[in-house]
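Working notes, structure below.
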Amino acid sequence: MISNSNWTDRVGLGVTAAFLLLLLISPASAQAVITPLQRPNAASIIVPDMGSFKPTPRDARNFDDYFYFHKDGVSYEDAFADLEQCRINAAMAQLIPDVPDVIPVGDAATNNTRLSDRTFPFFGMVGGFLIAGAEEDNAILTNRKCMAYKGYRRYGTSRALFKQIDSGSDAEKQARKALIASGAVPAIEAIGP
Amino acid sequence: MNLRPWFLAAVLLSAPAQGQERQFKNGEAVALEPGLAYVLARTFESQGGGLAGTVRIVPILARLLSEEELRQAAALRQSDPDRWKKKIPPNVVAMLAEQPYMQAGGESVLLTAMKPGTYILSGIALQSWATRGKGEMVSSLCMGTVKFEAKAGVITDLGEILAAREDQPTAIPELADVTGKGVLAVGILPYAVAVRPANASMLAPSALVGLPRVPANYRAMPAYPNYPGTHLNRLAPVSGVLDYDKDGQVVDLKEQGPHAP
Chain A
94 MISNSNWTDR
104 VGLGVTAAFL
114 LLLLISPASA
124 QAVITPLQRP
134 NAASIIVPDM
144 GSFKPTPRDA
154 RNFDDYFYFH
164 KDGVSYEDAF
174 ADLEQCRINA
184 AMAQLIPDVP
194 DVIPVGDAAT
204 NNTRLSDRTF
214 PFFGMVGGFL
224 IAGAEEDNAI
234 LTNRKCMAYK
244 GYRRYGTSRA
254 LFKQIDSGSD
264 AEKQARKALI
274 ASGAVPAIEA
284 IGP
Chain B
294 MNLRPWFLAA
304 VLLSAPAQGQ
314 ERQFKNGEAV
324 ALEPGLAYVL
334 ARTFESQGGG
344 LAGTVRIVPI
354 LARLLSEEEL
364 RQAAALRQSD
374 PDRWKKKIPP
384 NVVAMLAEQP
394 YMQAGGESVL
404 LTAMKPGTYI
414 LSGIALQSWA
424 TRGKGEMVSS
434 LCMGTVKFEA
444 KAGVITDLGE
454 ILAAREDQPT
464 AIPELADVTG
474 KGVLAVGILP
484 YAVAVRPANA
494 SMLAPSALVG
504 LPRVPANYRA
514 MPAYPNYPGT
524 HLNRLAPVSG
534 VLDYDKDGQV
544 VDLKEQGPHA
554 P
């Protein structure tokens, strides 16, 4: 979802302070290399029929949860590469990042430590669940911004169609999204980035 | 009373540690050391969100690692995934806005000594009463930025580093097209960033007159993974230096020549 500035203004500083406290009291976790996804053969991927989708008002209310990307003229291979770059950037996103000591341009991409990877002695499971949800939203928004920079437009879909797109292994999901991104121009209007 | 230990301690604490920067403050005398590079930048105060009040822009620079340094980093990463970033020498330089060399109105002139090399402008952090240390990094220019050489014994003038909240319109012309729209972010506010290369009309401390100072020779820097993990962003186009094509790829205008699109 898009968080507006009012939400951020009200909550941002308090969340920041709470998270910084949590950082002080909880241990860090490993920063593993993000494994690149190998591009599957396009012929092996089944893509749902996106062209017959007629959005209902209920669908439209959930377009920030159920959506896909499309760009005119892009190939399947390039779309897969773009999705991969943005997936990696999203995986590296953090909620409250400090200034790092090292920015190893040229090295492999690694997961940054996420707050939800830590244990929360004061806030317990509920706090961890809320933080994990915020981190997931942050990753999705990072992915959307990344794809928008690459010239993709975003289109809403239904929950049922999205479930079909988002099925199988990570590589299969990404391949299906790349096939849709490089496929027929959607008959519906694009939504915001 | 023997003051020698105190004097030595003061000297050691103020000298740049290996791989770390030193910030010059309050117009102090500057004698350029032949083994260090110096960067000069100007930033401006702005209003942060919520209770943050006035925030100061901290340019975040990163020295590009050599192939040997990258090999060492990869080896350490494999042997100690939890702490490898603590074991390799830092390559990030934060030009701390709360320690300006000079201030005039809301403008701060920052002067920092650091290891020579090729640096990128990797983003900005914000310092305010609510932040600690180097501040919170609010923008990572991993989708496109500029790089420059910082040579030893010379002050490299980075010009003005401009930043504006993405959720509000701004009077900064370079950022007008990318601000005041919806914000794709959770938590801390993202900032859009621009660079205005150095020119003779920019604020310059008189104490630095006579010292060798050159404008940064900016070149376009392609996208890289979002190592800092903060809000993904890209530097606003820089005339004659940096632009983007319709696919978001960085266009090196200097390589393409003066007639490039």
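Chains as they are written, first to last, in this note's numbering: chain A, 94 to 286; chain B, 294 to 554. We put the CB at the ideal spot given by N, CA and C, even for glycine. Computed from a predicted structure; not experimentally measured.
The residue among B:Gly522, B:Pro327, B:Asp540, B:Gly341 with its C-alpha nearest the C-alpha of Leu434 (chain B) is B:Gly522. In the three-state scheme derived from DSSP, where H, G and I count as helix and E and B as strand, Thr149 (chain A) is classed as coil. Chain A has a Cβ within less than 9 angstroms of the Cβ of Tyr520 (chain B). Put simply, the CB of Met430 (chain B) is near chain A, with a gap under 9 angstroms to one of its CB atoms.
By the rule that beta-carbons nearer than 9 angstroms mark a contact, Val219 (chain A) does not touch chain B. Per DSSP, the continuous beta strand (DSSP E) segment holding Ile350 (chain B) begins and ends at 347 to 356. Per DSSP, reduced to three states, the secondary structure at Val192 (chain A) is coil, with no helix or strand assignment. Under the DSSP assignment, Met185 (chain A) falls in the alpha helix (DSSP H) whose first and last residues are 169 to 185. When the Cα atoms are used, Glu338 (chain B) and Met240 (chain A) turn out to be separated by approximately 31 angstroms. Secondary structure of Gln365 (chain B) (DSSP, three-state): helix. A contact between stretches requires three or more CB pairs, one per stretch, nearer than 8 angstroms, and the segment 420 to 435 of chain B meets this requirement with the segment 524 to 534 of chain B. Any Cβ of chain B closer than 9 angstroms to the Cβ of Lys238 (chain A) would place that residue at the interface, and such an atom is present. For Ala125 (chain A), the closest of A:Asp157, A:Ala184, A:Phe156 by C-alpha to C-alpha distance is A:Ala184. Glu177 (chain A) and Ala268 (chain A) have their C-alpha atoms roughly 10 angstroms apart.
With 16 or more other CB atoms across the displayed protein chains lying within 10 angstroms of its CB, Ala172 (chain A) is buried.
Under the Cβ criterion of 9 angstroms, Ile273 (chain A) is not counted among the residues facing chain B. Residue pairing by DSSP places Gly416 (chain B) opposite B:Ile353, B:Ser433 in a beta bridge. Setting aside the 5 residues that flank it on each side, Ala136 (chain A) has no residue in the same chain whose C-beta is closer than 8 angstroms to its C-beta.
At a cut-off of 9 angstroms between C-beta atoms, Ala513 (chain B) does not count as an interface residue with respect to chain A. When the beta-carbon positions are compared, Leu389 (chain B) and Lys427 (chain B) come within less than 9 angstroms of each other. In the three-state reduction of the DSSP assignment, Ser339 (chain B) falls in the strand class. Segment contact: the segment 187 to 207 of chain A against the segment 249 to 256 of chain A, fewer than three CB-CB distances shorter than 8 angstroms; contact not assigned.
Burial is judged here by how many other beta carbons sit within 10 angstroms of a residue's own beta carbon; Pro197 (chain A) has at least 16 and is buried. Among the CB atoms of chain A, none fall inside 9 angstroms of the CB of Arg315 (chain B).
At a cut-off of 9 angstroms between beta-carbon atoms, Ile454 (chain B) makes no contact with chain A.
For Ala487 (chain B), the nearest beta carbon of chain A is not closer than 9 angstroms to its own beta carbon. Relative to Lys539 (chain B), the option among A:Glu229, A:Glu228, A:Pro133, A:Val167 whose CA is nearest is A:Val167. Within chain B, the residues whose beta carbon sits less than 8 angstroms from that of Gly285 (chain A) are Gly475, listed in sequence order. According to the DSSP secondary-structure assignment, Thr438 (chain B) is paired through a beta bridge with B:Met514. By alpha-carbon distance to Ala153 (chain A), the top candidate from A:Ala280, A:Ala227, A:Tyr248, A:His163 is A:Tyr248. If you check each beta-carbon in the segment 259 to 272 of chain A against every beta-carbon of chain B, none falls closer than 8 angstroms.
A check of alpha carbon separations from Gln131 (chain A) across A:Ile281, A:Arg180, A:Phe160 identifies A:Arg180 as the nearest.
Residue-level contact check: Thr128 (chain A) does not touch chain B, since none of the beta carbons of chain B fall below 9 angstroms from its beta carbon. Membership of Glu548 (chain B) in the alpha helix (DSSP H) is indicated by the continuous run 546 to 549. Per the DSSP secondary-structure output, Tyr161 (chain A) pairs in a beta bridge with A:Tyr248. Collapsing the DSSP output to three states places Ile481 (chain B) in coil.
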